[in-house]
Amino acid sequence: MKRKVIYIAGLYHTGSTLLDLLLGNLPNVIGLGEIFKCFHDKFEEQCSCGKTIENCPFWGEVLSKYDSSFSVDESYELVLETFNDQYSTDKILVDSSKCHPFKIFQKKDDRGMQGLNSLIYRPDIDLYVLHLVRDVRSWSNSLNLRDKRYRSDHTPLENIYMFIFRSTFFRFIQWYVGHKRILQFINKNKLKSLRISYESLSINPADTLKDCCNFLKIEYDEFSDLSNSKSHIAVGNPMKLRSKDLGKVTYDMRWLETLSHILPSIILLPIMKFNQKLTYGRKDIK
């Protein structure tokens with residue numbers, strides 16, 4: 005019997021950890037956070053279950069068998085073997101690794117689709133892709149706020165580089181190219197997919213979960229709050245560890261208070277049309 009796996013495809017700062025935690029409220033769903041990043045970069049110190057990674061009942065078992073020489077495919081194999089050992093076949097695994105499709109000249113690169121390209125050929129997996137999208141104005145503002153938090157001294161050349169590649173104009177283009185390539189990958193490989201917007205996810209989490217359940221062909225269980233999630237997220241947004249953030253779901257409206265997105269929104273009209281279609285248009289189930 006094939007194991008159902010949900011892969012959250014989308015860009016960073018799009019709300020994948022929130023969606024992972026929400027899905028973990030469903031009776032048969034277990035979220036594992038950004039699996040690719042665990043092995044490509046490193047594990048964080050604490051799991052969303054409240055235990056350290058070494059003492060987590062899931063990730064502790066994985067780490068006891070993991071070797072840094074493992075390839076991406078071997079690492080995924082270990083995760084899937086551990087999941088199969090610990091959970092019954094009706095349980096669904098969630099990987100919220102997202103995608104990183106920003107290289108100008110694309111070549112075969114594991115980081116491009118963050119391991120999704122390793123999952124699509126596995127005969128033992130019944131893969132479901134959730135394409136998560138966030139309004140380009142909200143997304144670019146989120147990155148601007150992140151950059152301000154991590155400011156440090158730079159050389160004049162570095163300042164010029166950041167002025168260009170961290171500008172709102174460039175973020176709009178990056179968002180457009182990123183989602184175009186994700187859609188191309190989904191369509192080229194004929195993957196089962198459902199598009200979800202961060203806006204609907206944050207404003208109407210219960211309705212979004214119902215859509216996910218219909219897509220996954222599983223029963224919907226009434227949503228209460230994020231603190232009931234059964235997920236074991238080893239890498240993801242720090243909100244997974246802040247209990248005060250897990251009682252309710254709220255929409256980040258800070259972008260509405262800024263002016264940086266206004267000029268790009270006017271000049272980059274094709275991107276805004278694509279944003280309207282992708283974020284607020286009809287949901288696509290393929």
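For the sequence shown, position 269 matches number 273 in this note's numbering, and the numbering has no gaps at all. Note that the Cβ used here is the ideal one computed from N, Cα and C, for glycine as well.
Asked	Found
What are the partner residues of S201, as DSSP defines its beta bridges?	V137
Closest to L15 by CA distance: which of G285, Y202, L263, K277 is it?	Y202
Specify, as a first and last residue, the run of the beta strand (DSSP E) that V98 falls within.	96-99
Along the chain, where does the alpha helix (DSSP H) that runs through K192 open and close?	172-192
Determine the closest residue to S20 out of E65, V9, V98, S142, with distance taken between C-alpha atoms.	V98
Skipping 5 residues on each side, what residues in its chain have a beta carbon closer than 8 Å to that of K41?	S101, Q118, V239
Quick one: is G35 buried, meaning 16 or more other Cβ sit within 10 Å of its Cβ, or exposed?	buried
From H44 to Q280, what distance separates their C-alpha atoms?	34 Å
Per the DSSP calculation, A13 is bridged to which residue(s)?	H135
Looking only at its chain, what residues have a beta carbon closer than 8 Å to the beta carbon of V76, apart from the 5 residues adjacent to it on each side?	F40, F43, H44, D114, G119, S122
Where does T93 sit, in a helix, a strand or coil, going by DSSP?	coil
So what does DSSP say about Q280, is it helix, strand or coil?	helix
When the distance is taken between beta carbons, is S142 closer than 8 Å to T172?	no
Please name the residue or residues paired with D24 in a DSSP beta bridge.	DSSP, once it has assigned bridges, lists no residue as partnering D24.
Thinking C-alpha only, which one of V133, S146, I275, I12 is nearest M257?	S146
Residues bridged to T56 by DSSP?	Q50
Please report how far the alpha carbon of D24 lies from the alpha carbon of G37, in whole angstroms.	7 Å
Given 8 Å as the limit, is there contact between the region 80-98 and the region 5-15, that is, 3 or more CB pairs closer than that?	yes
So I266 packs on N193, CB below 8 Å; how close in whole Å?	About 37 Å separates the two Cβ atoms, so there is no contact after all.
Could you work out which residue in E223, L84, E48, F106 is closest to R126 when comparing CA atoms only?	L84
According to DSSP, is I266 part of a helix, a strand, or is it coil?	helix
Which of the three DSSP states is assigned to K41 in this structure?	helix
Go ahead and label C28 buried or exposed: buried means 16 or more other beta carbons lie within 10 angstroms of its beta carbon, across all protein chains shown.	Sequence check: residue 28 is Gly here, not Cys. Buried, because 16 or more other Cβ atoms sit within 10 Å of the Cβ of G28.
What residue does the beta strand (DSSP E) around V33 start on, and which one ends it?	33-35
Could you tell me the boundaries of the alpha helix (DSSP H) in which W63 lies?	63-69
Have a look at K277 and K46 and give me their C-alpha separation to the nearest angstrom.	38 Å
Which residues in the same chain have their Cβ closer than 7 Å to the Cβ of Q178, if we skip the five residues on either side of it in sequence?	F106
Taking the alpha carbon of Y91 as the reference point, which residue from P31, R150, T159, S206 has its own alpha carbon closest?	P31
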